[in-house]
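Visitor: Going down the list, the sequences are from chains A and B.
So for the first sequence, the numbering used here puts the first residue at 12; every next one is plus one.
So for the second sequence, the numbering used here puts the first residue at 12; every next one is plus one.
2 protein chains.
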Amino acid sequence: MNTNYDDFEHPEVTVDLVIFTVNEEKLKALLIKRAEMPYANIWSIPGGFLKKDESLDNAAIRVMKEKTGVKEVYLEQLYTFGRPERDPRMRVITVTYFALIPWTSLIPPESSKVTDLAWLAVDELPELAFDHREILEYATQRLRTKASYSNIVYGLLPAHFRLSDLQNIYEIIIARDLDKRNFRKRMLATGLLQETGRKEITGAHRPAMLYKFKKREFVLLD
Amino acid sequence: MNTNYDDFEHPEVTVDLVIFTVNEEKLKALLIKRAEMPYANIWSIPGGFLKKDESLDNAAIRVMKEKTGVKEVYLEQLYTFGRPERDPRMRVITVTYFALIPWTSLIPPESSKVTDLAWLAVDELPELAFDHREILEYATQRLRTKASYSNIVYGLLPAHFRLSDLQNIYEIIIARDLDKRNFRKRMLATGLLQETGRKEITGAHRPAMLYKFKKREFVLLD
DNA sequence: CCAAAAGTGTTATTGATACACCCATGC
DNA sequence: GCATGGGTGTATCAATAACACTTTTGG
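(1) Consider the Cβ of residue 12 of chain A: report whether some Cβ of chain B lies at a distance smaller than 8 Å.
(2) Short of 7 Å in beta carbon distance, which residues of its chain neighbour residue 183 of chain A, apart from the five on each side in sequence? Order them along the chain.
(3) Could you tell me which residues DSSP pairs with residue 90 of chain A in its beta bridges?
(4) Restricting to runs no shorter than 3 residues, where is the beta strand (DSSP E) found entirely within the segment 58-82 of chain B?
(5) Return the Cβ separation of residue 49 of chain B and residue 103 of chain B in integer angstroms, given the expectation that the two are a contact with Cβ distance under 8 Å.
(6) Distance check for residue 80 of chain A and residue 122 of chain A, CA to CA, integer angstroms please.
(7) Per DSSP, which one or two residues make a beta bridge with residue 27 of chain B?
(8) Between residue 159 of chain B and chain A, is there a C-beta pair that is closer than 8 Å?
(9) Consider the Cβ of residue 24 of chain A: report whether some Cβ of chain B lies at a distance smaller than 8 Å.
(10) Do you know whose CA, among B:53, B:200, B:171 and B:161, lies nearest residue 181 of chain B's CA?
(11) State yes or no: is the beta carbon of residue 142 of chain B nearer than 8 Å to at least one beta carbon in chain A?
(12) Using beta-carbon positions only, say whether residue 94 of chain B and residue 142 of chain B come within less than 8 Å of one another.
(13) With residue 7 of chain B as the anchor, note down where its alpha helix (DSSP H) starts and where it stops.
(14) Is there a Cβ of chain B sitting closer than 8 Å to that of residue 208 of chain A, yes or no?
(15) The segment 149-178 of chain A: which residues have C-beta closer than 9 Å to a C-beta of chain B, in chain order?
(16) Determine which residues share a DSSP beta bridge with residue 130 of chain B and list them.
(17) Would you give the residue range spanned by the alpha helix (DSSP H) that residue 151 of chain B belongs to?
(18) If we call anything under 8 Å between Cβ atoms a contact, is residue 189 of chain B one with residue 178 of chain B?
(19) Starting from residue 181 of chain A and walking both ways along the alpha helix (DSSP H), at which residues does that stretch end?
(20) Using the Cα positions of residue 126 of chain B and residue 59 of chain B, report the straight-line distance between them to the nearest angstrom.
(21) Could you check how far apart the C-beta atoms of residue 89 of chain B and residue 150 of chain B are, in whole angstroms? I think they sit under 8 Å.
(22) Quick check: what's the CA-CA separation for residue 65 of chain A versus residue 195 of chain A?
(23) Determine the extent of the beta strand (DSSP E) in which residue 229 of chain B is found, giving its start and end residues.
(24) Closest by CA to residue 248 of chain A, which one among A:24, A:222, A:75 and A:41?
(25) How long is the line joining the alpha carbons of residue 166 of chain A and residue 209 of chain A, rounded to whole angstroms?
(26) Output yes if chain B places a C-beta closer than 8 Å to the C-beta of residue 66 of chain A; else output no.
(27) According to the neighbour-count rule (16 or more other Cβ atoms, all chains shown, within 10 Å of its Cβ), is residue 91 of chain B buried or exposed?
(28) Quick check: residue 147 of chain B and residue 40 of chain B, are their CB atoms within less than 8 Å of each other?
(29) Is DSSP giving residue 165 of chain A helix, strand or coil here?
(30) Using CA atoms only, rank isn't needed, just tell me which of A:219, A:72, A:214 and A:137 is closest to residue 230 of chain A.
(31) Out of curiosity, what's the CA-to-CA distance linking residue 193 of chain A and residue 110 of chain A?
(32) Going by beta carbon distance, what residues of the same chain come within less than 6 Å of residue 70 of chain A, once the five residues before and after it are set aside?
(33) When you compare only the Cα positions, how much space is there between residue 120 of chain A and residue 128 of chain A?
(34) Please identify the residue among A:140, A:99 and A:159 whose C-alpha is closest to the C-alpha of residue 51 of chain A.
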C-alpha cells in the first residue's frame, strides 16, 4: 500500500439499495423522489452515507429499516460503483445491495400517503438520478440470472405459499411462461419445499396445498 | 440521502487485487510481504489507495501494472469489504478485484530477485495481513464457481494452447480429474475454440493441435 | 521398438421438454 | 351445473457420464 497520502483524497462512501418486490404481476423496485439538488424531483434508489463504525451490511440494513416496515429481508451485496463523475458534487463511491421482500410484508401495502416513495415496475422506469438506472439494470439482471439457478425467490414470497404463487413469481422474473406440470415436478424434486398441510380458502375453487421453503437465508431487522 | 455530514466520516477507499495464475500444477496468488506496521513482514495481497479522479477499474489496472509485467489481464470486480476494524489504523473500505494471468506471460517468470513478491499456492497459505485470507478465499471460491460454467480460464492460458493444457487448468482449479474424451467433446462442442493449425514440437510424442479462444475479454494495460 | 502424450466412439443414464385431462370447491 | 384454479403421468429428446484402445512422434 502507498503511504503518500498527498496523492489521495478520501471519497465519500454511500450504500444504495435496489429493493425488489413483485406486485400486480410486475417486478417492481422501491424508488424515492429526491427533494434536493442535484436531481431534485427525480427518482432515485434509497441509500445513505456509511457511518463511522458501521459495517457495509449494517448500513444496508439501516437503510432498509428506514424505508420499509419489513422484519426480515433477503439482502446481498451487488457491486460497487465509483466513476469519478457519478455525483456532480463530490467523489462518491457507492456500495450497492439488492434486497427482496414479499409484497405481503409491506405494512401498510403501498406504504402510507407519502408521494415521494413509490414501487415502480422495472421495465417502465422514469428518468433516474445519478447512475441509478445503470445500478438498477445491473440488479435486475443479477436477480434474473440468480433466480434461474437458485431458490432466492423465497425472498419475494410469504412464508407459506401455493405452488402456483411460486410459479407466478418465476414467470414474472424470467419473463417467460412455464409448464405447470414440469415446474411442479422440478420444484418438488429439489427437496427444498415442505408441505405445511394447511389449505387456503380463497375463491370458488379447490383449495391449494401450502408450502414453505425448508431453508431461507434472511437478514433480520431488529 | 442524509445530508447531516456530522454523523459521518470519510473512510479511506483502497483497491486490493487477488491475482491468480497456475504454475507447477497449482493455483497460485501473487502476495507481497509487508514492510511496515501493522502486519510488518506478513504477506498481503497487492493493493493501493484509490486516487482522486480515478475510477475503481482504473485503480485496479494501475495496481496490476505496478506489480506485474503483463500486457493484458482478465479483471473482474469481486466484492467490497468494510468491517470497521479490518484495518487497525483507520477506517478502510476495500473494493477487491480478481485477476487471471497466464504464467507464461510473466517476465521474467518468478519476477526478478525481489523477495517481497511471491506466488504462493492458495491451498498452502501462510498467515495473511488484515482480512486478506477471507478475501483470498472468497476469490478462490468465485474462480472455482465461475470456471464451472464459463470460459474465463482463458485468462490463465497463453493465446495458443493444447486441449491437454486446457484440461489441466480446469482440473487444477476444480480439484478433480476429468475424462479426456468427454472433456474434448464438450469443449469443441461449445464452438468457442478455434484450431490454429500449427503444431507444437516439444517432446518425444505426437505433436498436439493448438487452439485459441475465439473470444476473450481482457483489460489491456497501456 | 519403446516411451509419451495425442487423439478418437459407443452405450447407459439422467435430466429437460412437450403435452391434456380430471378434481374439489363456491356460488 | 358451471366457473375457477388445483392437481396429476408419460413419451421423447438432449446432455452427461462411463469406459479403452490406436496413432504419431523422438530417441
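We put the CB at the ideal spot given by N, CA and C, even for glycine.
For clarity, every value in this text was computed on a predicted model and none was experimentally measured.
Guide: Per the coordinate set shown:
(1) Only weak support is given to the placement of residue 12 of chain A: the predicted model assigns it a pLDDT of 44, under 50, and the value that follows is read from those uncertain coordinates. Output row for residue 12 of chain A: interface = yes.
(2) For residue 183 of chain A, where only same-chain residues beyond five positions count, the Cβ hits under 7 Å are 33, 36, 37 and 38.
(3) Bridge pairing for residue 90 of chain A: A:107 [DSSP].
(4) Uninterrupted beta strand (DSSP E) stretches at least 3 residues long and entirely within the segment 58-82 of chain B occur at 58-60, given in chain order.
(5) In this structure residue 49 of chain B is not in contact with residue 103 of chain B, their Cβ atoms being roughly 12 Å apart against a cut-off of 8 Å.
(6) Low local confidence applies: a pLDDT of 49 at residue 122 of chain A is under 50, so the model's placement there is unreliable, and no value is given.
(7) Bridge partners of residue 27 of chain B: B:58 and B:107.
(8) So, not an interface residue.
(9) Interface residue, yes.
(10) Nearest to residue 181 of chain B by alpha-carbon distance, out of B:53, B:200, B:171 and B:161, is B:161.
(11) Chain A has no Cβ within less than 8 Å of the Cβ of residue 142 of chain B.
(12) Using a Cβ distance threshold of 8 Å, residue 94 of chain B and residue 142 of chain B count as a contacting pair.
(13) Limits of chain B in this structure are 12 at one end and 233 at the other, which puts residue 7 of chain B out of reach.
(14) Not flagged as an interface residue toward chain B: residue 208 of chain A, since no C-beta distance is shorter than 8 Å.
(15) For the segment 149-178 of chain A, which is checked against every Cβ of chain B, the residues closer than 9 Å are 160.
(16) Under DSSP, residue 130 of chain B forms a beta bridge with B:41.
(17) Annotation for residue 151 of chain B: the continuous alpha helix (DSSP H) segment containing it runs 143-160.
(18) Annotated as proximal: residue 189 of chain B and residue 178 of chain B, with beta-carbon spacing under 8 Å.
(19) Taken as a continuous stretch (DSSP letters only), the alpha helix (DSSP H) holding residue 181 of chain A covers 174-185.
(20) One C-alpha to the other measures close to 20 Å.
(21) Yes, they are in contact, since the Cβ atoms of residue 89 of chain B and residue 150 of chain B sit about 6 Å apart, within 8 Å.
(22) Residue 65 of chain A and residue 195 of chain A: Cα-Cα distance of roughly 43 Å.
(23) Membership of residue 229 of chain B in any beta strand (DSSP E) is not indicated, and neither H nor E is assigned to it by DSSP.
(24) Residue 248 of chain A falls outside the range modelled here, since chain A spans only 12 to 233, and no answer is possible.
(25) Between the C-alpha atoms of residue 166 of chain A and residue 209 of chain A there is a straight-line separation of about 21 Å.
(26) Closer than 8 Å: yes.
(27) Flag for residue 91 of chain B reads buried.
(28) Against a cut-off of 8 Å, the Cβ pair of residue 40 of chain B and residue 147 of chain B comes out as a contact.
(29) Helix at residue 165 of chain A.
(30) Out of A:219, A:72, A:214 and A:137, A:72 has the C-alpha closest to the C-alpha of residue 230 of chain A.
(31) A straight line joining the alpha-carbon of residue 193 of chain A with that of residue 110 of chain A spans about 28 Å.
(32) Correct list, in chain order: 26 and 61.
(33) Interpretation of residue 120 of chain A is limited by its pLDDT of 46, a score under 50 that renders its predicted location unreliable; the figure taken from the coordinates is listed afterwards. Just so you know, the alpha carbons of residue 120 of chain A and residue 128 of chain A end up roughly 12 Å apart.
(34) The option with the nearest alpha carbon to residue 51 of chain A is A:140.
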